[in-house]
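Each residue of the sequence shown is one higher than the one before, counting from 136 in this note's numbering.
From the three backbone atoms N, C-alpha and C, an ideal C-beta is built for every residue, glycine too.
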Amino acid sequence: AGFSYTKLDSKGDPLPDQSVTYASTPWACVQDNVTGLIWEVKTDDDGLHDKDDTYTWYNTDPATNGGTDGSADDGGDTCYGYNSGNPSAFCNTQAYVNRVNLTGWCGANDWRMPTRKELNSLVDRGRYNPAIDMSYFPNTVSSSVWSGSPVAFNSDYAWYVGFNFGYSSANRNGSCAVRLVRG
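Here it is in structure tokens:
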């Protein structure tokens, strides 16, 4: 169906002028008008949504984690606010989702990890480095982004999408970027 996006402000409302650049009028989220999903937009300010932050894959819900929690804390100070003595400040996907929901990002507190299919819906196969529309998703780095989808055939793996060329692969080792979704 193609791509159709709407830029949203920090309250989750559409920007009055959709032609603005991020440099002149930063937006916080993007609505995908095809899927109805609302996506987090990354920042370059060393804050909670910073583009350079990475996280280990972690999910303690046995109904959705594929049989393995993942890594709560690998000792890496790879995200904003990391505190080795505070599990809510660890650089893992579950802690990140919780922190974003506490802030009410874009007027909402139901942010979650995207499924592999949802994350793949952002891939623009006509672009690379990164394979996403930068006019709506500024500050996207060409890196791997975790999905919330565990791999069915191997509980030690979770899917990620590489936004350098738009491929999907799986593991649970190390840290990757995260882009949250709601809807």
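Item: Inter-stretch contact at 8 Å, needing at least 3 Cβ pairs: the segment 243-259 / the segment 303-318; Value: yes
Item: With 16 other Cβ atoms within 10 Å as the buried cut-off, status of R251; Value: buried
Item: Cβ-Cβ distance between T213 and T189 below 7 Å; Value: yes
Item: C-beta atoms of G205 and S290 nearer than 7 Å; Value: no
Item: M269 to T275 span [Cα, whole Å]; Value: 7 Å
Item: 8 Å contact criterion, which S223 and N233 should meet: CB distance rounded; Value: 7 Å
Item: Strand pairing of Y140, partner residues [DSSP]; Value: D167
Item: Cut-off 6 Å between Cβ atoms - residues of its own chain near P273, not counting five sequence neighbours on either side; Value: Y157
Item: Supposed close pair F298, V280 - CB separation, criterion 8 Å; Value: 6 Å
Item: DSSP three-state assignment for V235, whether helix, strand or coil; Value: helix
Item: Closest residue to L237 among D209, K177, L183, S159 (Cα-Cα distance); Value: L183
Item: Between the CA atoms of D208 and G301 - distance to the nearest angstrom; Value: 28 Å
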